[in-house]
Structure formats: structure tokens, C-alpha cells
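Numbering of the sequence shown is given in this note's numbering, commencing with residue 28 and proceeding in unit increments. In this text, a Cβ means the ideal position worked out from N, Cα and C, and glycines have one as well. Remember, predicted model here, so these are calculated numbers, not experimental data.
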Amino acid sequence: AGGDSPQLSTVDFSPFLLNQGCVVGDEPTAAQLHTASQINAACMTDGFLYLTDFGVTDADVDDAFAQAKRLFALSDDVKRGALKPYAPSTNMGFSKFASEAANSKRPPDLKEAFNVRSREVHANDYNGTPEGFDATAERFWDTLQTASRRIFLAIALALRLPPADSRFFEKAFVTWNQCTLRFLHYPPCDFEAGASDGGDLSLAGEGLLSAIQPITDGHGKVDLDGGGGEEGDG
28 AGGDSPQLST
38 VDFSPFLLNQ
48 GCVVGDEPTA
58 AQLHTASQIN
68 AACMTDGFLY
78 LTDFGVTDAD
88 VDDAFAQAKR
98 LFALSDDVKR
108 GALKPYAPST
118 NMGFSKFASE
128 AANSKRPPDL
138 KEAFNVRSRE
148 VHANDYNGTP
158 EGFDATAERF
168 WDTLQTASRR
178 IFLAIALALR
188 LPPADSRFFE
198 KAFVTWNQCT
208 LRFLHYPPCD
218 FEAGASDGGD
228 LSLAGEGLLS
238 AIQPITDGHG
248 KVDLDGGGGE
258 EGDG
């Protein structure tokens with residue numbers, strides 16, 4: 028990390044894992060209000076934060092990363108011939124290396140990916156993936172969906188929405204048909220490379236965050252515009 032890297036806030040999310048307070052439709056607990064105020068403060072300054080104890084265990088992450096490693100270790104012939112190719116119309120399947128560019132003004136992203144979406148709406152095709160990959164992907168999806176629902180509650184509380192609107196953001200994701208679980212692989216390179224994300228809510232594991240840093244304005248402040256490019260830059 029460079030000397031001007033921002034120090035992001037760490038927020039304990041455990042009050043929202045308990046089935047009490049706003050999680051069950053009652054008045055928020057003092058602990059939930061405190062967590063919400065910390066989220067608000069972080070979003071008003073950096074726009075990024077670290078969440079701890081938000082319902083995704085180290086075992087969950089380790090299992091997902093282990094299966095992703097097995098997937099991307101497959102030979103190029105298997106990837107091209109057995110895996111379902113990525114289809115823009117469904118946003119599912121395998122994307123070969125350097126085939127995506129979130130920003131058309133920049134070179135392609137130096138990664139390969141496998142996209143999974145809600146099985147309640149879409150039919151994920153796991154043909155060609157390693158044994159057990161499908162079960163891990165579906166289980167990880169469920170874990171992240173539950174965590175996301177509670178994060179949406181916390182965001183509504185952080186914004187001080189009235190109690191009647193406490194599930195405002197959660198209701199916008201009734202079917203989760205616009206959400207994607209992405210297994211990504213960025214092979215090592217000998218130069219600095221960037222990554223783009225234009226999603227509403229992105230959850231990244233600690234191993235990924237150690238390699239990705241927010242863009243700063245040169246004074247240690249996070250540049251939320253991402254350099255002034257088109258949507259999806261920052």
C-alpha cells in the first residue's frame with residue numbers, strides 16, 4: 028500500500044445478525060443504531076468500509092475460493108469446450124481472459140470470470156465445472172443474499188428513513204434478478220492494473236481487498252468519481 032492509501036473504517040455488523048430490533052420489525056436496538064451511525068459516517072467520508080461479523084464466515088469464503096481455484100485451474104481446452112460461455116443476454120457463464128471491459132475507453136480487464144445468478148429466476152449451467160462447485164456456489168449465494176438483506180436494513184437505518192420504509196432497499200431486490208455472484212481470477216502481472224465496479228452493493232473478501240485499493244485524489248482522500256470517466260469507472 029502506498030503512503031497516501033486511505034484508512035478505511037471497520038464496522039462491527041454483529042448487532043444485525045440477531046433476530047431482534049429492526050431485523051424483526053421492532054424499534055432498532057441501541058447497538059443497531061450505533062452500527063448504522065458508523066456506516067453513515069464511513070459512507071459520507073470514504074464511500075468504502077470494512078464490515079466484520081456480517082454473517083459470512085471464514086469457512087464460507089475459504090470454500091468458495093477453493094472451488095474457484097479449481098475452476099480456473101482447468102485447461103483452456105476444457106474452459107472453451109465444456110464450460111457454458113458467457114452470454115450478455117443472461118449475464119451468466121464463463122468469460123474468457125481479457126474478454127470484458129467495463130470502461131470502453133480503457134483496455135480489457137485482465138481477468139477471467141464465471142457468473143452465477145439466482146436459481147429462483149435463472150437456470151445456472153454448471154456443466155464442465157469441478158465436482159462440488161455447483162453446491163458451493165448455490166450455498167454461497169444463499170449466505171450472501173441473507174447478509175445483503177440485513178445490510179440493506181442497516182443502510183435504511185443509517186439514512187434515517189422512517190420505520191415504514193425500513194425495508195425500502197430490500198423490497199427493491201424481491202427476486203434478486205439483477206444480482207450476480209462472480210468468481211474472478213486475475214492472473215499475476217508485472218505492472219499495475221485497475222478494476223471497475225458499477226454495482227449498487229459489492230461484497231468483496233479480505234483476500235481481494237488486499238489487492239484492490241480505492242482511487243485517491245493524491246491527498247489520501249478517496250476519489251469517488253474514479254478519475255472522471257464513464258459510468259463504472261470508480
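query                                                                                                                                                                       : result
Closer than 8 Å is the cut-off here; do at least three beta carbon pairs connect the stretch 90-107 with the stretch 70-78?                                                 : no
Starting from glycine 82, follow its DSSP beta bridges and name the residues at the other end.                                                                              : None; glycine 82 has no bridge partner.
Going by Cα to Cα distance, which pick from Gln65, Ala95 and Thr62 is closest to leucine 208?                                                                               : Ala95
From this set, Lys138, Leu45 and Phe81, which residue's C-alpha is nearest phenylalanine 99's C-alpha?                                                                      : Lys138
Since I believe glycine 120 is in contact with aspartate 152 (beta carbons under 8 Å), could you give me their beta-carbon distance rounded to a whole number of angstroms? : 7 Å
Rounding to the nearest angstrom, what Cα-Cα distance links threonine 62 and alanine 69 in this structure?                                                                  : 11 Å
Taking alanine 140 as part of the alpha helix (DSSP H), name the residues at either end of that continuous run.                                                             : Here alanine 140 belongs to no alpha helix (DSSP H); instead the beta strand (DSSP E) covers 139-143.
Under 7 Å Cβ to Cβ from serine 237, same chain only, skipping five residues before and after it: list those, please.                                                        : Because the pLDDT at serine 237 is just 48, under 50, the model does not fix this residue reliably, and the value given afterwards should be weighed accordingly. Around serine 237: no qualifying Cβ.
List the endpoints of the continuous alpha helix (DSSP H) containing phenylalanine 196.                                                                                     : 195-198
How is aspartate 161 classed by DSSP in three states: helix, strand or coil?                                                                                                : helix
Out of Gln59, Asp53 and Phe160, state which residue places its alpha-carbon closest to the alpha-carbon of leucine 44.                                                      : Gln59
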